[in-house]
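J.: Residue numbering for the sequence shown follows UniProt numbering, starting at 1 and increasing by one per position. The structure that follows is given in the form of structure tokens.
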Amino acid sequence: MLPDATDRKILELLQQDSQLTIKEIASRINLSVTPVHERIRKLQKEGIIDKYVCILNRRKVGKALIVYCNVTLDKQRRESFEDFNKAIIQMSEVLECSVVSGNFDYMLKVIVADAEAFNQFYQHKLSALNSVLHISSYFVISEIKYTTAIAV
Numbered sequence: 001m002l003p004d005a006t007d008r009k010i011l012e013l014l015q016q017d018s019q020l021t022i023k024e025i026a027s028r029i030n031l032s033v034t035p036v037h038e039r040i041r042k043l044q045k046e047g048i049i050d051k052y053v054c055i056l057n058r059r060k061v062g063k064a065l066i067v068y069c070n071v072t073l074d075k076q077r078r079e080s081f082e083d084f085n086k087a088i089i090q091m092s093e094v095l096e097c098s099v100v101s102g103n104f105d106y107m108l109k110v111i112v113a114d115a116e117a118f119n120q121f122y123q124h125k126l127s128a129l130n131s132v133l134h135i136s137s138y139f140v141i142s143e144i145k146y147t148t149a150i151a152v
């Protein structure tokens, strides 16, 4: 079931700051604590709220470089995709991995300290996978927009 207007307000607030208390949320949307608590529990039970996380400042933890990689597999077989998926899940440098349509099979978002760290990742992990035929890499020069919030 899609969230109503009140649920959307709650979700917007939680996406801005997941540490808000129920009392703070209730105050901001002019509801009492009990219905806010019940709504949040319902949103969690329905899976609309998937989880609560802490988002790190990547530069302050030494991960200044973002690289997008387009990957083409050597064979379009289920086994190739399964092998690639299993390997990618184990690579901490890969923040996101999506199967895509078009001229390549996967799009990866990779985060590393610098160009040398990316080179090590590229040579020793990504290109070392038997199923990989071709990789195109795009280095991020500047981020114009970065958010984790989903408009509801």
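By construction, the Cβ of each residue, glycine as well, lies at the ideal position given by its N, Cα and C atoms. Predicted model only: the values in this text are computed from it and were never measured.
Can you check DSSP and say which residues form a bridge with E96?
T.: K109
J.: Taking I111 as the reference, which of Y122, G47, D17 has the closest Cα?
T.: Y122
J.: Return the chain-ordered list of same chain residues with a C-beta closer than 6 Å to the C-beta of Y138, the five sequence neighbours on each side being excluded.
T.: Cβ within range, chain order: Y68.
J.: Relative to the C-alpha of F118, which residue among K51, M91, E82 is closest?
T.: M91
J.: Suppose you measure from the CA of M1 to the CA of E93; what does that come to, to the nearest Å?
T.: For the pair M1 and E93, the Cα-to-Cα distance works out to about 35 Å.
J.: Where do the N-terminal and C-terminal ends of the alpha helix (DSSP H) with L11 fall, by residue?
T.: 5-16
J.: Per DSSP, V132 is paired with what?
T.: DSSP lists L73 as partners of V132.
J.: Rounded to the nearest angstrom, how far is the Cβ of D105 from that of V71, given a contact under 8 Å?
T.: 6 Å
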